[in-house]
Amino acid sequence: MPKRKCKLTSQLKIDYPYIRETHDDKVHCDRCRSVFSICHGGRSDIKEHLETKRHKTSIEAAVSSTQLTTLFKKVNSNESLISAAKEATFAFHTAIHGQSFKSCDCTSKLIAKLFDPKFSLAKTKCESVVVNCIVPMLVAELRLELKKANFVTVTIDASNRKEIKLVPVVVRYFVPDLGVKVKLLEFKSLGGKTSEILSNYLVSILDQNVLKEKLVGFCADNCNTNFGGVKRKGKNNVFFKVRESLKRNIIGIGCAAHIVHNCLQHAVDTLPVCVESLVVKMYRYFDIYTVRVTELKIFCDFVEIEYQRILQHGNTRFLSLVPALQRILDMFEALKNYFNSQEGCPINQKMF
Numbered sequence: 096m097p098k099r100k101c102k103l104t105s106q107l108k109i110d111y112p113y114i115r116e117t118h119d120d121k122v123h124c125d126r127c128r129s130v131f132s133i134c135h136g137g138r139s140d141i142k143e144h145l146e147t148k149r150h151k152t153s154i155e156a157a158v159s160s161t162q163l164t165t166l167f168k169k170v171n172s173n174e175s176l177i178s179a180a181k182e183a184t185f186a187f188h189t190a191i192h193g194q195s196f197k198s199c200d201c202t203s204k205l206i207a208k209l210f211d212p213k214f215s216l217a218k219t220k221c222e223s224v225v226v227n228c229i230v231p232m233l234v235a236e237l238r239l240e241l242k243k244a245n246f247v248t249v250t251i252d253a254s255n256r257k258e259i260k261l262v263p264v265v266v267r268y269f270v271p272d273l274g275v276k277v278k279l280l281e282f283k284s285l286g287g288k289t290s291e292i293l294s295n296y297l298v299s300i301l302d303q304n305v306l307k308e309k310l311v312g313f314c315a316d317n318c319n320t321n322f323g324g325v326k327r328k329g330k331n332n333v334f335f336k337v338r339e340s341l342k343r344n345i346i347g348i349g350c351a352a353h354i355v356h357n358c359l360q361h362a363v364d365t366l367p368v369c370v371e372s373l374v375v376k377m378y379r380y381f382d383i384y385t386v387r388v389t390e391l392k393i394f395c396d397f398v399e400i401e402y403q404r405i406l407q408h409g410n411t412r413f414l415s416l417v418p419a420l421q422r423i424l425d426m427f428e429a430l431k432n433y434f435n436s437q438e439g440c441p442i443n444q445k446m447f
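One gets the working numbering by counting positions in the sequence shown from 1 and adding 95 to each.
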């Protein structure tokens, strides 16, 4: 009776993982790249093959040869993560301080040359890190915190940057383990600033972030578009339309800075000297006149006061008036002596 043919069993595959099946009842040895038959003896045929000169020569050559992978540079995963963290931190620093991404082209090369040769964060990469990594992470954190908050208030504003109408929306909320938080919820450009456009924009943001049921207050400038006048009885304003959309009442909060400014403005109007006029004329008196500034510096040295440039009073009065006035008060003694020494001193400066 003829003997049964042997095959490469599952146990043989485990014992000899470098032996694999081919066609015609033959096997292939990956170590010496030989093809032989095991149909007669099975395991004994494999053992005979391992003792052949060709197989032993191939094993010796493989041991003495250097693998190609050893020529590749090994990358330390921890080192790679640290480098990525450095780049992400610098990208966050660039964004949080409002710096141009173009500056990263130069700064990145400087950091690589002076501190870390592996540091690479040019303009395009920095922008990509901020937009695709940092922003989604911050948005996810904000939404997670908003889920924990029971009540929120939103603040809306609109400012023109040339022909672009920018409308930021800020949310204020309380989280038990973190306290009161104020964060930017949305920042987009709109095609107008009517009450209809602004209210639809605000309601859509509330829907996207599931905040309609949590909203208790609306804060904005005290203009007619937002509140419909001092008595807030109009219907064509953002505050009224948001309440209509929510179908319940919420608290309307005017801009505290504008309220305080208007209060102080009425108080300043009772002074014998117009403070705003004084600040404006003081700036214009020294702005482009080198001789006057040089003489003022001499008086500053005389009274032992450090010279500081007179600040300009801008259109946004409640923001620029105090710093400009404070600069004048800091140099009061030098300015007083300077104007007393001048013939034909302007009456406003003389009264001051």
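Just so it is clear, CB atoms sit at the ideal spot from N, CA and C, and this is done for glycine as well. Being a predicted model, the structure only gives us computed values, none of them experimental.
For residue i, which of the options has the nearest alpha-carbon?
i, options, result
"residue 357", "199, 316, 113", "316"
"residue 213", "295, 174, 117", "174"
"residue 433", "260, 392, 314", "392"
"residue 351", "229, 342, 414, 297", "414"
"residue 219", "416, 244, 248, 189", "189"
"residue 253", "225, 314, 246, 226", "314"
"residue 50", "278, 222, 308", "Any question about residue 50 goes unanswered here, given that the chain covers just 96 to 447."
"residue 251", "231, 257, 277", "277"
"residue 377", "249, 221, 419, 336", "419"
"residue 383", "353, 227, 405, 338", "405"
"residue 221", "273, 105, 203", "203"
"residue 348", "267, 145, 368", "267"
"residue 306", "366, 249, 273, 326", "249"
Is residue i buried or exposed, if buried means 16 or more other CB atoms sit within 10 Å of its CB?
i, result
"residue 103", "buried"
"residue 430", "buried"
"residue 355", "exposed"
"residue 180", "exposed"
"residue 440", "exposed"
"residue 416", "buried"
"residue 304", "buried"
"residue 216", "buried"
"residue 279", "exposed"
"residue 436", "exposed"
"residue 294", "buried"
"residue 336", "buried"
"residue 325", "exposed"
"residue 226", "exposed"
Between the C-alpha atoms of residue i and residue j, what's the straight-line distance to the nearest angstrom?
i, j, result
"residue 379", "residue 183", "45 angstroms"
"residue 142", "residue 114", "12 angstroms"
"residue 260", "residue 301", "20 angstroms"
"residue 97", "residue 127", "Residue confidence for residue 97 is low, a pLDDT of 47 falling below 50, so the modelled location carries little weight and cannot support an answer."
"residue 346", "residue 389", "55 angstroms"
"residue 362", "residue 195", "42 angstroms"
"residue 394", "residue 427", "11 angstroms"
"residue 311", "residue 193", "32 angstroms"
"residue 385", "residue 206", "40 angstroms"
"residue 401", "residue 425", "9 angstroms"
"residue 338", "residue 211", "56 angstroms"
"residue 247", "residue 241", "8 angstroms"
"residue 360", "residue 334", "26 angstroms"
"residue 149", "residue 139", "17 angstroms"
"residue 155", "residue 120", "28 angstroms"
"residue 265", "residue 353", "18 angstroms"
"residue 256", "residue 399", "43 angstroms"
"residue 110", "residue 176", "40 angstroms"
"residue 144", "residue 106", "18 angstroms"
"residue 209", "residue 422", "40 angstroms"
"residue 403", "residue 370", "20 angstroms"
Among the residues of its own chain, which have a CB less than 6 angstroms from the CB of residue i, if the five just before and after it don't count?
i, result
"residue 340", "298"
"residue 271", "none"
"residue 409", "415"
"residue 375", "408"
"residue 275", "269"
"residue 329", "323"
"residue 153", "126, 127"
Within its chain, find whatever has a CB closer than 7 angstroms to the CB of residue i; leave out the 5 residues flanking it on each side and keep chain order.
i, result
"residue 332", "290, 319, 320, 321, 322, 323"
"residue 117", "123, 130"
"residue 101", "133, 134, 135, 136, 137"
"residue 296", "262, 285"
"residue 514", "The structure shown does not extend to residue 514, since the chain is modelled only from 96 to 447, so the question has no answer here."
"residue 381", "387, 388, 391, 405"
So, at 8 angstroms on beta carbons, what are the nonlocal neighbours of residue i in its own chain, with the 5 sequence-adjacent residues on each side left out?
i, result
"residue 292", "285, 286"
"residue 229", "183, 186, 187, 190"
"residue 344", "338"
"residue 157", "126"
Does the segment 233 to 248 come close enough to the segment 193 to 201 that 3 or more CB-CB pairs lie under 8 angstroms? no
When the Cβ atoms of the segment 249 to 266 are set against those of the segment 278 to 294, are three or more pairs found closer than 8 angstroms? yes
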